[in-house]
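Once you know that position 135 of the sequence shown is 134 in numbering that gives the first Met the number 0, the rest is easy, because the numbers rise by one and skip nothing.
Ideal placement from N, C-alpha and C gives every residue a C-beta, glycine not left out.
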Amino acid sequence: MTRSALAGLAALALLGPIDLRAITIADGFTYGGTSGFAASSALAQDYGNYPIFEAVGWFRLDLSDGRSSRSTGTLLNNEWVLTAGHSLKPPGEVSSLSFVLAGATNVADLSSIVMHPLWAAPPPPLIDGVGSPSQGWDVALFRLASPITNTIAFPRLYTASNEAGQVGITLGAGLIGTGTEPWSQQPTNSPVQVFAAMNRIDRVTAQTNAGLAGGLLATDFDGANEPQNTFGSDYDSSGQPWLWDEPARIVTALDPAGTIAGTNSLLDQLVVDGSIVEGSTAPGDSGGPTFIHDGEDWKIAGITSWGVNPWDYLYGDAANAGSSGLYGDVSYKTRVSQVAPWIVSVVPEPSTYALLVMAGAGALWWAGRRRG
Numbered sequence: 000m001t002r003s004a005l006a007g008l009a010a011l012a013l014l015g016p017i018d019l020r021a022i023t024i025a026d027g028f029t030y031g032g033t034s035g036f037a038a039s040s041a042l043a044q045d046y047g048n049y050p051i052f053e054a055v056g057w058f059r060l061d062l063s064d065g066r067s068s069r070s071t072g073t074l075l076n077n078e079w080v081l082t083a084g085h086s087l088k089p090p091g092e093v094s095s096l097s098f099v100l101a102g103a104t105n106v107a108d109l110s111s112i113v114m115h116p117l118w119a120a121p122p123p124p125l126i127d128g129v130g131s132p133s134q135g136w137d138v139a140l141f142r143l144a145s146p147i148t149n150t151i152a153f154p155r156l157y158t159a160s161n162e163a164g165q166v167g168i169t170l171g172a173g174l175i176g177t178g179t180e181p182w183s184q185q186p187t188n189s190p191v192q193v194f195a196a197m198n199r200i201d202r203v204t205a206q207t208n209a210g211l212a213g214g215l216l217a218t219d220f221d222g223a224n225e226p227q228n229t230f231g232s233d234y235d236s237s238g239q240p241w242l243w244d245e246p247a248r249i250v251t252a253l254d255p256a257g258t259i260a261g262t263n264s265l266l267d268q269l270v271v272d273g274s275i276v277e278g279s280t281a282p283g284d285s286g287g288p289t290f291i292h293d294g295e296d297w298k299i300a301g302i303t304s305w306g307v308n309p310w311d312y313l314y315g316d317a318a319n320a321g322s323s324g325l326y327g328d329v330s331y332k333t334r335v336s337q338v339a340p341w342i343v344s345v346v347p348e349p350s351t352y353a354l355l356v357m358a359g360a361g362a363l364w365w366a367g368r369r370r371g
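Right, here's the structure in full:
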């Protein structure tokens, strides 16, 4: 099981208590008058501008054999949590599962764990139990044992197919690093916080298997004066022949076959209102949301699935090959617009769409209340 294939799948390993790795931010990251890690935290907690961020939390999963892991999830309503399939295990293997939101622990109903059927039954998208490039069905849901009573705005699903080129905001819980300092060199994140960063969606993929749609969103982590613009620079593909296709430099091995769209990313870091806000993901962000604005509201467009940093291989970093989270890192998210019909089929009536439309109205009220 190679690190390159499972770069974003920390929760899948479950080799013992796992420290979270979370958002990796660019050097010089600034937001809300702060900089560095504090700025990343400030973005994740800017509920005035992004009230739906209050629905993002993290959960601890304990297995009957004593192993445990932690991942990120998003409340779709006051009961159901959306996350990645690899972050969960079948109920028979789980001894406890709890979702933490705003410091409050909410016990989950173990019998409610539902993973996408194409994730739970390999192959595909799993080949010999190892994550393949086609993580486009890495999605799951679980229900809380008791509905939360917090007054928050629940996010809606992004269902349009125009994600490529748009700016996304990704949230995750755990440790963070910078473009030049890996997560392993940072202090422990305790108590656990949610962090955030922005990036431009460079690639989208679409696939169909057994009549069920799936797909990915892909972003790369650019440096200001660095050569590691993975989707926009000349990169020797010999290190990852299954992942890269010269000169297109795109995900090329989709099993089953699908379509790939997108353009090379800009060579410069993403800057919003004069501030650098670009970042990427790492293990522990698994299951966390990526939000895209559709002209009306910020909606869930992606679910953090996996990632890899091909530049680590080129520069001979054998110890941390693919896992440093430094500049050049590529992050993949399950494409929500493709799997939205399955999500809706799992969440009970009233339907997810009805609930989320109601939540959208609540978001407007809540945003106004917080600004007033």
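Since residue i sits in a beta bridge, which residues does DSSP pair it with?
{"i": "V56", "result": "According to the sequence displayed, residue 56 carries Gly and not Val. Answer by DSSP bridge pairing, in chain order: G72."}
{"i": "W79", "result": "R142"}
{"i": "G301", "result": "T289, R334"}
{"i": "Y30", "result": "T33"}
{"i": "V271", "result": "S274"}
{"i": "A260", "result": "V203"}
{"i": "D61", "result": "S67, S95"}
{"i": "A212", "result": "T207"}
Using only alpha-carbon positions, find the residue among the options that is nearest to residue i.
{"i": "I434", "options": "R69, P89, L100", "result": "In the structure displayed, the chain extends from 0 to 371; residue 434 sits before or after that span and is not available."}
{"i": "A152", "options": "L96, A107, N76, G164", "result": "N76"}
{"i": "A83", "options": "F58, S67, E162", "result": "F58"}
{"i": "A54", "options": "G173, L100, M114", "result": "L100"}
{"i": "D328", "options": "T218, G173, T148, L174", "result": "T218"}
{"i": "S344", "options": "V271, G324, A139, G283", "result": "A139"}
{"i": "N228", "options": "N105, S86, V346, L269", "result": "L269"}
{"i": "S67", "options": "Y331, V307, S97", "result": "S97"}
{"i": "I299", "options": "T333, W136, N105, G306", "result": "T333"}
{"i": "S94", "options": "S110, V80, L81, W79", "result": "S110"}
{"i": "A260", "options": "A205, V307, F28, S330", "result": "A205"}
{"i": "D254", "options": "D61, G278, L215", "result": "L215"}
Look at the Cβ atom of residue i, then the Cβ atom of residue j, and state whether they are nearer than 7 Å.
{"i": "T169", "j": "S336", "result": "no"}
{"i": "Y30", "j": "G178", "result": "no"}
{"i": "T258", "j": "T280", "result": "no"}
{"i": "G35", "j": "G286", "result": "no"}
{"i": "I51", "j": "P190", "result": "no"}
{"i": "A103", "j": "F141", "result": "no"}
{"i": "S86", "j": "A195", "result": "no"}
{"i": "W305", "j": "H115", "result": "no"}
{"i": "L143", "j": "E92", "result": "no"}
{"i": "V203", "j": "A163", "result": "yes"}
{"i": "Q165", "j": "I291", "result": "yes"}
{"i": "D284", "j": "G171", "result": "yes"}
{"i": "T33", "j": "A43", "result": "no"}
Label residue i either buried or exposed according to how many other C-beta atoms from any shown protein chain fall within 10 Å of its C-beta, with 16 as the threshold for buried.
{"i": "V276", "result": "buried"}
{"i": "T23", "result": "buried"}
{"i": "G289", "result": "The sequence given here has Thr at residue 289, not Gly. Label assigned to T289: buried."}
{"i": "G301", "result": "buried"}
{"i": "A256", "result": "exposed"}
{"i": "G273", "result": "exposed"}
{"i": "G47", "result": "exposed"}
{"i": "N149", "result": "exposed"}
{"i": "N161", "result": "exposed"}
Enumerate in chain order the residues of its own chain whose CB-to-CB distance from residue i is below 6 Å, with the five nearest sequence positions on each side excluded.
{"i": "A339", "result": "L156, T158"}
{"i": "W310", "result": "Q227, G327"}
{"i": "D64", "result": "none"}
{"i": "A223", "result": "Q268"}
By Cβ distance, which residues of its chain are closer than 7 Å to residue i, with the 5 residues on each side in sequence left out?
{"i": "D26", "result": "T177, G178, T179"}
{"i": "G210", "result": "none"}
{"i": "S264", "result": "R199, D201, D219, D221, N228, F230, G231"}
{"i": "W182", "result": "R20, T23, L174, I175, G176, A281, G324"}
{"i": "P146", "result": "N77, E78"}
{"i": "P246", "result": "Caution is warranted here: a pLDDT of 40 is assigned to P246, below 50, making its placement in the model unreliable, and the coordinate value is therefore given only provisionally. So no residue of the chain qualifies."}
Regarding residue i and the ligand ADP, is the C-beta to nearest heavy atom distance less than 6 Å?
{"i": "G27", "result": "This structure lacks the ligand ADP, and indeed carries no ligand of any kind."}
Can you name, in chain order, every residue of its own chain whose Cβ lies under 8 Å from the Cβ of residue i, other than the five neighbours on each side?
{"i": "W297", "result": "Y49, I51, P154, I168, F290, I291"}
{"i": "V346", "result": "L75, N76, W79, L140, L354"}
{"i": "L62", "result": "L13, K88, E92, V93, S94"}
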